[in-house]
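Colleague: Numbering that gives the first Met the number 0 puts the first residue of the sequence shown at 0, with every later residue one more than the last. Here it is, the structure in full.
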Amino acid sequence: MHGSRAIGVMGGTFDPIHYGHLVAAEAARTCFGLSEVIFVPSGNPPHKADRSVSTPEHRFLMTVLATTTNPYFRVSRVEIDRPGPSYTVDTIEALRERLEADARVYFITGADAVMELMTWNRPEAILQMCELIAATRPGYPPADIRRLRKAIPEANAKRVHTIEVPALAISSSDIRARVAQGKPIKYLVPETVEHYILKSGLYGGQQVVGTGGGPLSGFWRR
Ligand code: NAP
């Protein structure tokens, strides 16, 4: 057992954040003895040019709403406030500057994203600065786990871990589709996030608002 502090960095688009993400973060925290988990909603994901992503402010606010009840969870604006594409290497570097030299950092994200790690900006630097925790959905094919392991250079193989998270049967894309079709998302996301989505009219859902017009219309930004 190491004596140094270990923290988790939970990276994702979180469009929207859901219970699968929250369970994955809590599982990583308890399995790896993390003193806290910092959620980092991506600001301008370089790999998402082909689909429109909700604004960083919407995704940030939903992440804050979802994490308030867990004393070990915090949310960072580091990627949202940094201009240009959101590269994980810059985020970990910025975080490392504020930590003790012997602190251990675990970057937690989805297994499919980790599979692409070697295509990210400066992957060797990422693997040097932190270990990775790849969260898998139930029924994740063993062949894909092998592919994930193969994608990581041998020398760093021990720095990439996998955790199976049954709650990751929930997915952001399914939630977006359900909202667009007017289907319920109750119990897939925290209630505060559900209300936020409906109130903001995100994902093509029927917007639920009080007074629509009047002198204040257009005063607040959607
Ligand atoms: P993604 O491609 O949208 O997601 C891939 C899969 O992983 C999806 O099934 C997704 O499910 C799941 N997933 C994403 N984040 C997760 C999390 N924190 N915990 C559990 N499952 C998660 O991935 P992404 O959200 O855009 O990117 C993931 C992270 O990798 C972000 O921090 C991003 O900045 C980083 N990244 C960096 C680079 C780079 O530096 N060049 C390139 C790519 C990704 P849901 O859709 O349900 O979340």
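From the three backbone atoms N, C-alpha and C, an ideal C-beta is built for every residue, glycine too.
Flag residue 155 as yes when its Cβ comes closer than 8 Å to any non-hydrogen atom of the ligand NAP, and as no otherwise.
Modeller: Residue numbering aside, residue 155 sits at position 156 when the sequence shown is read from its first letter. Checking every heavy atom of the ligand NAP against the Cβ of residue 155, none is found closer than 8 Å.
Colleague: Residue 144 and residue 91 look like a contact to me (Cβ under 8 Å); what is the Cβ gap, rounded to whole Å?
Modeller: On the sequence shown, residue 144 is found 145 positions in, with the first residue counted as 1. On the sequence shown, residue 91 is found 92 positions in, with the first residue counted as 1. At roughly 24 Å, the Cβ-Cβ gap does not stay under 8 Å, so residue 144 and residue 91 are not in contact.
Colleague: Keeping to the same chain, check which residues put their C-beta closer than 7 Å to that of residue 127; ignore five residues upstream and five downstream.
Modeller: As a first step, residue 127 is located in the sequence shown; it is residue number 128 there, counting from the start. Counting only Cβ-Cβ distances below 7 Å, and skipping sequence neighbours, we find nothing.
Colleague: Residue 76: which of 25, 37, 159, 70 sits nearest, CA to CA?
Modeller: Taking the first residue of the sequence shown as position 1, residue 76 is located at position 77. Closest by alpha carbon: 37.
Colleague: In three-state DSSP terms, what is residue 112?
Modeller: As a first step, residue 112 must be located in the sequence shown, where it is residue number 113. Helix at residue 112.
Colleague: Might you give, ordered along the chain, the residues of its own chain that have their beta carbon closer than 8 Å to the beta carbon of residue 162, omitting 5 neighbours on each side?
Modeller: Here residue 162 refers to the residue found at position 163 when the sequence shown is read from its first residue. If we look at residue 162 and ignore the five residues flanking it on each side, its Cβ neighbours are 23, 26, 27, 30, 132, 133, 134, 135.
Colleague: Excluding the five sequence neighbours on either side, which residues of its own chain have a C-beta within less than 6 Å of the C-beta of residue 224, listed in chain order?
Modeller: Residue 224 falls outside the range modelled here, since the chain spans only 0 to 221, and no answer is possible.
Colleague: On the DSSP bridge assignment, give the partners of residue 179 in chain order.
Modeller: Here residue 179 refers to the residue found at position 180 of the sequence shown. None, per the DSSP bridge assignment.
Colleague: Using a Cβ-Cβ cut-off of 6 Å (strictly less than) and excluding sequence neighbours within five positions of residue 41, which residues of its own chain qualify?
Modeller: Walking along the sequence shown from the start, residue 41 turns up at place 42. Here the set comprises 12, 78, 85.
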